[in-house]
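Single-structure report; data block below.
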Amino acid sequence: MALTLIIALFLSACAGNNNRQIKNETVPNSQSSPVSDLEYTKVSYSQSSKDDSGVNKKAYSDKELVKKLPGFKNGYKKVNGITLHYVEGGKGEPLFLLPGWPQTWYAYHKVMQGLAKKYHVYVVEYRGMGGSDKPASGYDKKTMASDVYALVKELGYTKVNMAGHDIGAFVAYAYAANYPQATTKLALLDVAHPSERYLGLPLVPPPGVYDTSIKDHPIYPWWFGLNSVPELSEKLLQGNGMSIYQDWLFDYLAYGNKPPMTKEVKEVYYAAYSNAEAIRASNEWYKTFRQDIEDLKTYPKLSMPVLGIGGFNSTFNNLDAHLRQYASDVKSVKLDGAGHWIAEQKPQETIKMFMEFFR
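Numbers -15 to -1, 1 to 344, taken from mature numbering (1 follows the signal peptide of the UniProt record, and there is no 0), label the letters of the sequence shown in order.
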């Protein structure tokens, strides 16, 4: 029972009532026509030099991938005793983007160049992800946010715009809550932050309800359990097993079960999580949810402008309910057809909403 409580934290369906007004919007698929100034990035990939696992790890290294995004470069800074990797490009006000699991900085590759027309974009791989260090501890979101804050200062900024998706949204939220003086605006993609409101929903559906033929189907995240069991998934999934796991997630969490990633883009993520240490570090993000809940109790209500973008109905409702309770200046948007992988499934709309919100 205790494990079930710990791993069910993402999933609140409870919408607390309050007296604050919140602006909700739905962006339908009919509004997805191209906007030339906001064109998203399309890249090609090399198919040569694959290793025994079938993944061209050299082609999918950060050094090679950043070449596909002219104007961007890799960066590394040592903060709080660890080295963080980030990719930066563009000019203007700083905009920090934090990706989620099981992805890397490349989750934003379709929107980075569009956003760089107006902002100096930093996509940060936080503690445990990709090219950043993977220490034994420090995976509660408050500590991870302190890493990002130290990086912000190391880069010479006192206040930045912050956005995050999935686990990255947890870290972005913790950053804004702990360093409001260093946060201009905050955007959260599909989730917010673990809280006690997230307890109680099942990880598996009742009989006859598990129907993925419904494009906007409810989400039952059984994988939270596997990711929370010490050492198990590292042993089960390293190598090809993790790519099978990722493939299932990419399909299940995509609108209409049609993931927005090409085979080559998926292989970027396969390569990043193909070894036991990468899997172990990413699992630590889930094992600390109980501490994250306790930390949330100490946070003030968010006062800066907050944009919440949800893909599925269920995740949007959870995100919206959380923001109603824990923030005071909020715009919530349901982006139809987006699913969980918002920046990849709806890149043009993501660029447009970010441009309008962060201006």
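We treat Cβ as the ideally placed atom computed from N, Cα and C, and that holds for glycine.
Which of helix, strand or coil DSSP assigns to residue i
i, result
"residue 147", "strand"
"residue 70", "strand"
"residue 46", "coil"
"residue 349", "Look at the range of the chain in this structure, -15 to 344, and you will see that residue 349 is not part of it."
"residue 99", "helix"
"residue 342", "helix"
"residue 156", "helix"
"residue 75", "coil"
"residue 138", "helix"
"residue 30", "Because residue 30 sits at a pLDDT of 48, beneath the cut-off of 50, its placement in the model cannot be relied upon, and the following sentence gives the value as read from the coordinates. If DSSP states are grouped into helix, strand and coil, residue 30 belongs with coil."
"residue 225", "helix"
"residue 60", "strand"
"residue 234", "helix"
"residue 287", "strand"
"residue 22", "Note that residue 22 scores a pLDDT of 47, beneath 50, so its modelled location is shaky and nothing firm can be said."
"residue 65", "coil"
"residue 240", "helix"
"residue 323", "coil"
"residue 328", "helix"
"residue 129", "helix"
"residue 372", "Outside the modelled stretch of the chain, which goes from -15 to 344, sits residue 372, for which no answer is possible."
"residue 86", "coil"
"residue 281", "helix"
"residue 176", "coil"
"residue 1", "Any answer about residue 1 is weak, because its pLDDT of 34 lies below 50 and its placement is not dependable; what the coordinates show is given next. If DSSP states are grouped into helix, strand and coil, residue 1 belongs with coil."
"residue 216", "coil"
"residue 203", "coil"
"residue 124", "coil"
"residue 93", "helix"
"residue 165", "helix"
"residue 189", "coil"
"residue 333", "helix"
C-alpha distance - residue i paired with residue j, whole-angstrom precision
i, j, result
"residue 185", "residue 48", "43 angstroms"
"residue 169", "residue 321", "27 angstroms"
"residue 131", "residue 240", "34 angstroms"
"residue 298", "residue 204", "9 angstroms"
"residue 112", "residue 122", "9 angstroms"
"residue 63", "residue 110", "13 angstroms"
"residue 139", "residue 81", "14 angstroms"
"residue 336", "residue 128", "29 angstroms"
"residue 52", "residue 58", "8 angstroms"
"residue 188", "residue 141", "43 angstroms"
"residue 115", "residue 283", "30 angstroms"
"residue 146", "residue 171", "6 angstroms"
"residue 343", "residue 260", "37 angstroms"
"residue -11", "residue 118", "Residue placement at residue -11 cannot be trusted, given a pLDDT of 34 that sits under 50; what the coordinates show is reported in the next sentence. Computed Cα separation, rounded: 29 angstroms."
"residue 84", "residue 272", "18 angstroms"
"residue 46", "residue 253", "8 angstroms"
"residue 263", "residue 341", "36 angstroms"
"residue 134", "residue 192", "45 angstroms"
"residue 333", "residue 96", "7 angstroms"
"residue 287", "residue 249", "39 angstroms"
"residue 285", "residue 266", "29 angstroms"
"residue 210", "residue 302", "22 angstroms"
"residue 213", "residue 274", "10 angstroms"
"residue 221", "residue 234", "16 angstroms"
Spatially closest choice to residue i from the options, by CA coordinates
i, options, result
"residue 330", "94, 50 and 83", "94"
"residue 61", "54, 72 and 52", "72"
"residue 144", "167, 133 and 253", "167"
"residue 232", "342, 246 and 219", "246"
"residue 125", "327, 270, 97 and 226", "270"
"residue 365", "274, 230, 173 and 268", "This structure leaves residue 365 out entirely; the chain is present only between -15 and 344."
"residue 365", "85, 83, 100 and 74", "A question about residue 365 goes unanswered here, because the residues of the chain that appear run from -15 up to 344."
"residue 154", "323, 74, 250 and 295", "295"
"residue 215", "262, 176 and 268", "268"
"residue 281", "69, 157 and 224", "157"
"residue 258", "227, 244, 276 and 237", "227"
"residue 310", "179, 79, 108 and 106", "179"
"residue 237", "212, 307, 304 and 326", "326"
"residue 316", "182, 217, 174 and 323", "174"
Terminal residues of the alpha helix (DSSP H) in which residue i lies
i, result
"residue 256", "248 to 257"
"residue 315", "Premise fails: residue 315 lies in the beta strand (DSSP E), 315 to 320, not in any alpha helix (DSSP H)."
"residue 298", "298 to 311"
"residue 271", "261 to 272"
"residue 210", "208 to 213"
Enclosing beta strand (DSSP E) for residue i [first to last residue]
i, result
"residue 79", "78 to 83"
"residue 110", "104 to 110"
"residue 295", "291 to 295"
The segment 274 to 294 touching the segment 156 to 171, judged by at least three CB pairs closer than 8 angstroms: yes
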